[in-house]
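S.K.:
In the working numbering, the protein residues as written are 1427 to 1808.
1. How far does the beta strand (DSSP E) with residue 1518 in it reach, from first residue to last?
2. Apart from the five residues just before and just after residue 1808, which ones in its own chain have a Cβ nearer than 6 Å to its Cβ?
3. Using a Cβ-Cβ distance cut-off of 8 Å, determine whether residue 1515 contacts chain D.
4. Would the region 1640-1656 and the region 1460-1480 be scored as touching if the rule is three or more Cβ pairs under 8 Å?
5. Between the alpha carbons of residue 1794 and residue 1672, how many angstroms are there, rounded?
6. Touch check for the region 1555-1572 and the region 1504-1518: three-plus C-beta pairs under 8 Å?
7. Is residue 1555 buried or exposed, if buried means 16 or more other CB atoms sit within 10 Å of its CB?
8. Three or more C-beta pairs under 8 Å: does that hold for the region 1669-1685 against the region 1741-1759?
9. Let me check one thing: in DSSP terms, what residues is residue 1616 bridge-paired to?
10. Less than 7 Å between C-beta atoms, sequence neighbours within five positions excluded: which residues of the same chain meet that for residue 1713?
11. Along the chain, where does the beta strand (DSSP E) that runs through residue 1664 open and close?
12. In the DSSP assignment, what residue or residues form a beta bridge with residue 1433?
13. Terminal residues of the continuous alpha helix (DSSP H) containing residue 1733?
14. Exposed or buried, which one is residue 1446 when buried takes at least 16 other CB atoms within 10 Å?
15. Please report the straight-line C-alpha distance between residue 1510 and residue 1528, rounded to a whole angstrom.
16. Can you tell me the Cβ-Cβ gap for residue 1692 and residue 1436, rounded? I've got them flagged as a contact below 8 Å.
17. Tell me the DSSP bridge mates of residue 1784?
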């Protein structure tokens, strides 16, 4: 029995590719959507037969834009999971949504279909920011999407914000956070713009960084949001994530705890039985293989990598330090049979001396200073 308690389902379709996005997504493949649904269900059903798992506790539909599919279409995928796997009665089941693709009726449909958490990609309430990002929604649509999500029955609502955008000001950032606080949104993710290779933003700004906020300005934006959220009772539980008590993302915590998970769909990643692999990013290849007579999911899985004890220990540290609660020495010992300092004595000592991590009886965690130098900590374990 494979030790996996989470599943990620990738819906790789968008109305329009955002200029900063390097995720596997396609904006001109609507004709392939019906075939993709069938292929995705087959991958789920076949995997459950060949690699049965324990109880599934979180399910996450991401993209792309999952809400380009109707509630009935997404329910058909969710039903395949519910019939194929043992899903916990209290499982967290999330769907990502973009404000320009949802209304009250569709949100009511997603809630009825079985989704109990929604993550809405607002990014900003500034029209200027949204134009820069190439988003298809307006600031008013962003606000409306949050209101109607609650009216449709969603209480567990997450919202994404972006900082460090071209032309963005700290007043805009404070306004974005204040809007979400005033609406009582219980989970907020705050991500800094990253210029990913191959994206339009990378081509546009990698040699014109003067059009972006400075590193100091970007850090000021981050800490401004952090201070506002902490003062309103939000828990800063991961470097980029804040939640009111009880609303932490259980699915994402699976990743940060370095636990196993399945990824279904074109381009999805999995970590199963100390093996990491990624599904093909070729949409037509994915559909062709899964709809063929020999629809063995192993045929779509690429770049398989076995994770040895040293790599597992490094990942446990690197991912664990993303959580503000840090790394439990006891959890590390239960997983790897030794305590962190038995493998990483030098690295831990140096980071403590630099004031980037601290240790109490059972835990190592980032200091507040390290929030601005987290990559220095992460690189110590690569």
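All C-beta atoms in this analysis are idealised placements derived from N, C-alpha and C, irrespective of residue type, glycine included.
It should be emphasised that the depicted structure is a prediction, and the values quoted were computed from it without experimental measurement.
M.R.: With the given structure in hand:
1. On the chain shown, position 92 is the one that residue 1518 refers to. Note, residue 1518: beta strand (DSSP E), 1513-1523.
2. Along the chain shown, one-based indexing puts residue 1808 at 382. Cβ neighbours of residue 1808 beyond the five flanking positions: none.
3. The structure shown has no chain D; it contains just one protein chain.
4. A contact is defined here as three or more CB-CB pairs under 8 Å, and the region 1640-1656 fails this definition with respect to the region 1460-1480.
5. Mapped onto the chain shown, residue 1794 falls at position 368. Mapped onto the chain shown, residue 1672 falls at position 246. One C-alpha to the other measures close to 23 Å.
6. Verdict: no, contact absent.
7. For the purposes of this step, residue 1555 is taken as the residue at position 129 of the chain shown. Residue burial is scored here from C-beta neighbours: residue 1555 has at least 16 other C-beta atoms within 10 angstroms and is therefore classed as buried.
8. Two segments are said to touch when three or more pairs of C-beta atoms, one from each, lie closer than 8 Å; by this definition the region 1669-1685 touches the region 1741-1759.
9. Start at 1 with the first residue of the chain shown, and residue 1616 comes out as number 190. The partner list for residue 1616 (beta bridge, DSSP) reads 1587.
10. Taking the chain shown and counting its residues from 1, the one referred to as residue 1713 is at position 287. The residues are 1458, 1461, 1462 and 1465.
11. Against the chain shown, residue 1664 aligns to sequence position 238. Start and end: 1661-1664.
12. Walking along the chain shown from the start, residue 1433 turns up at place 7. Residue 1433 is bridged to 1485 and 1688.
13. Numbered from 1 along the chain shown, position 307 holds the residue referred to as residue 1733. No alpha helix (DSSP H) contains residue 1733, which DSSP labels as neither H nor E.
14. For this step, residue 1446 is matched to residue 20 along the chain shown. Its Cβ being crowded by 16 or more others within 10 Å, residue 1446 is buried.
15. Indexing the chain shown from 1 puts residue 1510 at position 84. Indexing the chain shown from 1 puts residue 1528 at position 102. Their backbone Cα atoms lie some 28 Å apart in a straight line.
16. On the chain shown, position 266 is the one that residue 1692 refers to. On the chain shown, position 10 is the one that residue 1436 refers to. Correct: roughly 6 Å between the Cβ atoms.
17. Translated into positions along the chain shown, residue 1784 becomes position 358. For residue 1784, which the question treats as bridged, DSSP gives the partners 1791.
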